[in-house]
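Asks: Provided herewith is a single structure, encoded as structure tokens, for subsequent inquiry.
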Amino acid sequence: MSRWPRLAAAVVPVAAVAVVGSLATSPNIPTWYAGLAKPDFTPPNWLFPVAWTILYALIAFSGWRLLGIAPATGSLRRTRTLALWAFFVQLALNGAWTPVFFARHDPAGGLVVVVALLIMILWTIRLVLPLDRLAALVLVPYAAWVSYATALNAAIWWMN
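Residue 4 in numbering that gives the first Met the number 0 sits at position 5 of the sequence shown, with consecutive numbering throughout.
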């Protein structure tokens, strides 16, 4: 895939997930979310968009690199195909979490989605690592943040 279509294929889905997340989150922060009991380790609200902006840039960069890989051997070709599927499944789960948690006001459903998301991110990293080390490593902060978000989601579910 040439440079510009590859860039669009990496950036557009990530941007779409970011927009969906923002639309589902923004109206619920001052209302529903503000009224929830939250654990002491809940970060300030301003940190979420900062963190997600950085993470979405890293996710798009990883996707861009992954889309540019054209392995010669059959085994690595199959790994790349699987890695692409895993990458886009984790992105779809990322896009699903915010509407489930925020728009549906469903911390239990959000917990199910975020656990599946974390599993898919870790699997994506594992699959991408032999193909492109940098593309895999830039997903590690994403996995760390989603691990934290999973704990936060679980605590909110438990407390409410």
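Note that CB positions come from ideal geometry on N, CA and C, so glycine has one too.
#1: Which residue from 84, 58, 52, 38 puts its Cα closest to that of residue 136?
#2: Kindly provide the ranges of any alpha helix (DSSP H) runs that are 4 or more residues long and lie completely inside the stretch 14 to 71, ordered along the chain.
#3: Under 8 Å between the Cβ atoms of residue 152 and residue 101?
#4: Within the continuous alpha helix (DSSP H) that includes residue 130, where are the two ends?
#5: Taking residue 106 and residue 156 to be in contact with their CB atoms under 8 Å, please state how far apart those CB atoms are, rounded to whole angstroms.
#6: Please go through the same chain and pick out, in chain order, the residues whose beta-carbon is closer than 6 Å to the beta-carbon of residue 13, but skip the five residues on each side of it.
#7: Less than 8 Å separating the beta-carbons of residue 9 and residue 66?
#8: Flag this pair as yes or no: are the beta carbons of residue 19 and residue 97 separated by less than 8 Å?
#9: Tell me which same chain residues have a C-beta within less than 7 Å of the C-beta of residue 81, skipping the five on either side of it?
#10: Have a look at residue 77 and residue 84 and give me their C-alpha separation to the nearest angstrom.
#11: Out of 93, 138, 88, which one is the CA nearest neighbour of residue 149?
#12: Looking at residue 75: is its Cβ nearer than 8 Å to the Cβ of residue 130?
#13: From the DSSP output, in three-state form, read off residue 74 for me.
#14: Can you tell me which of the three DSSP states residue 159 falls into?
Replies: To lay it out plainly:
#1: Looking up residue 136 in the sequence shown gives position 137. Among 84, 58, 52, 38, the Cα nearest to that of residue 136 belongs to 58.
#2: 46 to 66
#3: By one-based count along the sequence shown, residue 152 stands at place 153. By one-based count along the sequence shown, residue 101 stands at place 102. No, these two residues do not count as a Cβ contact at 8 Å.
#4: The sequence position of residue 130 within the sequence shown is 131, counting from 1. First-last for residue 130: undefined, no H or E at that position.
#5: Numbered from 1 along the sequence shown, position 107 holds the residue referred to as residue 106. Numbered from 1 along the sequence shown, position 157 holds the residue referred to as residue 156. Rounded, the Cβ-Cβ distance is 4 Å, consistent with contact.
#6: Taking the first residue of the sequence shown as position 1, residue 13 is located at position 14. Contacts found: 55, 58, 59.
#7: Residue numbering aside, residue 9 sits at position 10 when the sequence shown is read from its first letter. Residue numbering aside, residue 66 sits at position 67 when the sequence shown is read from its first letter. A contact, by the Cβ cut-off of 8 Å.
#8: As a working note, residue 19 is residue 20 in the sequence shown. As a working note, residue 97 is residue 98 in the sequence shown. In contact: residue 19 and residue 97 (Cβ atoms closer than 8 Å).
#9: As a working mapping, residue 81 is identified with position 82 in the sequence shown. Result list for residue 81: 126, in chain order.
#10: Residue mapping note: residue 77 aligns to position 78 of the sequence shown, counting from 1. Residue mapping note: residue 84 aligns to position 85 of the sequence shown, counting from 1. Between residue 77 and residue 84, the C-alpha separation is close to 11 Å.
#11: To locate residue 149, count along the sequence shown from 1; it is residue 150. Residue 149 has its Cα closest to that of 93, out of 93, 138, 88.
#12: Within the sequence shown, numbered from 1, the residue matching residue 75 stands at position 76. Within the sequence shown, numbered from 1, the residue matching residue 130 stands at position 131. Yes, the pair counts as a contact, with Cβ atoms nearer than the cut-off.
#13: In the sequence shown, counting from the first residue as 1, residue 74 sits at position 75. Here residue 74 sits in helix by DSSP.
#14: Working through the sequence shown from its first residue, we reach residue 159 at position 160. In this structure, residue 159 counts as coil in the three-state DSSP scheme.
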